[in-house]
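Residue numbers (my numbering): 12 to 299. For reference, the structure is listed below as structure tokens.
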């Protein structure tokens with residue numbers, strides 16, 4: 012029988028090996044996580060969520076402000092209401108599409124990371140995988156250009172609301188050298204082209220304009236448009252980040268495929284050399 016001390020030592024050794032094995036397994040799992048793709052996915056989801064959520068509520072607030080203060084006749088802003096409603100439906104589609112696209116790009120990041128880290132193992136990259144990676148590079152590039160346009164477009168309502176807000180600030184604190192009184196300072200929404208020139212009243216002046224700026228709808232819509240614009244900018248940054256990651260991964264896969272082809276040729280040549288040597292030995296044995 013083994014002494015109790017030796018038995019305890021063996022048990023401690025087995026436990027330490029088991030802990031070491033779990034630690035190595037965790038390190039291996041963490042090493043396979045595409046952290047760059049994960050950060051880009053989180054940034055993309057955050058940007059799209061801010062743009063879609065805040066943009067949807069801000070558009071609804073905008074049409075309410077127009078109906079109450081700048082266009083009392085429903086026929087004057089009927090086209091604008093239809094466009095805003097269409098844009099809200101488009102926002103639903105954008106949110107759904109980018110939720111799926113972000114997950115797909117994250118999965119592609121996991122695939123590419125495994126392909127690179129297991130290059131010398133049994134894992135084999137395929138032409139189909141490289142083609143899919145190249146397709147994602149092109150699609151992300153196109154989406155990045157499209158979101159640049161969205162970012163620029165989302166800055167337009169921010170500019171409009173800022174002009175109205177700055178005019179209200181002038182009314183609240185008129186300059187001493189200004190020749191215009193508060194009642195003469197106006198904002199005409201018709202000049203922005205969102206409602207026709209025959210829309211009534213179409214403009215707000217003095218205390219009326221100041222009361223509009225003090226409403227919760229104006230305050231919320233203005234700040235929500237700012238957040239939506241920031242979300243569009245964050246999405247552009249995320250897509251640029253994705254584009255760099257996908258381009259790098261595609262280059263890694265291309266190099267991996269060349270390395271695999273070289274290893275296959277080398278293994279084939281070694282096998283042929285072994286066959287030649289074995290046949291030579293057999294012939295020598297037959298002569299002797």
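Every residue gets a Cβ at the ideal spot worked out from N, C-alpha and C, and that includes glycine.
query	result
Which residues in the same chain have their Cβ closer than 7 Å to the Cβ of residue 257, if we skip the five residues on either side of it in sequence?	144, 147, 148, 151
Beta carbon of residue 50, beta carbon of residue 242: below 8 Å?	no
Tell me, which residues are paired with residue 215 by DSSP?	198
State buried or exposed for residue 142, treating a residue as buried only when at least 16 other CB atoms are found within 10 Å of its CB.	exposed
Would you mind sorting residue 103 into buried or exposed? The rule is 16 or more other CB atoms within 10 Å of its CB.	exposed
From the DSSP output, in three-state form, read off residue 258 for me.	helix
Under 8 Å, do residue 245 and residue 57 count as touching if we go by C-beta distance?	yes
With a threshold of 8 Å, are at least 3 pairs of Cβ atoms found where one atom belongs to the stretch 68 to 79 and the other to the stretch 222 to 233?	yes
The ligand SAH and residue 49: does any heavy atom of the ligand fall closer than 7 Å to the residue's C-beta?	Only the bare structure without any ligand can be found here, which leaves the ligand SAH out of the picture.
Would you kindly work out how many angstroms separate the C-alpha atoms of residue 97 and residue 172, rounded to a whole number?	21 Å
Taking only the alpha-carbon atoms, compute the straight-line gap between residue 237 and residue 277 and give it to the nearest angstrom.	60 Å
Buried or exposed: where does residue 284 fall if 16 or more other Cβ atoms within 10 Å of its Cβ makes it buried?	exposed
Going along the chain, which residues of its own chain have a beta-carbon closer than 7 Å to the beta-carbon of residue 80, five neighbours each way excluded?	215, 223
Going by the DSSP bridge assignment, what does residue 92 pair with across the sheet?	Answer by DSSP bridge pairing: none, since residue 92 is not bridged.
Look at residue 217 and residue 196 and say whether their C-beta atoms are less than 8 Å apart.	yes
At the level of alpha carbons, what is the spacing between residue 219 and residue 252?	47 Å
I need the boundaries of the alpha helix (DSSP H) containing residue 47, first residue and last residue.	46 to 76
Relative to the alpha-carbon of residue 198, which residue among 207, 183, 176, 240 has its alpha-carbon at the smallest distance?	176
May I ask you to report which of helix, strand or coil DSSP gives residue 232?	helix
Does the beta-carbon distance from residue 228 to residue 76 come in below 8 Å?	yes
Compute the Euclidean distance between the alpha carbons of residue 28 and residue 116, then round it to the nearest angstrom.	Note that residue 28 has pLDDT 49, beneath the 50 cutoff, so the model's placement of it is unreliable and no number is given.
Helix, strand or coil: which one does DSSP assign to residue 82?	strand
Whose C-beta lies closer than 6 Å to the C-beta of residue 161 among residues of the same chain, with five residues either side of it excluded?	243
With a 10 Å radius around its C-beta and 16 neighbouring C-beta atoms as the bar for buried, classify residue 259 as buried or exposed.	exposed
Measuring straight from C-alpha to C-alpha, what distance separates residue 47 and residue 65?	27 Å
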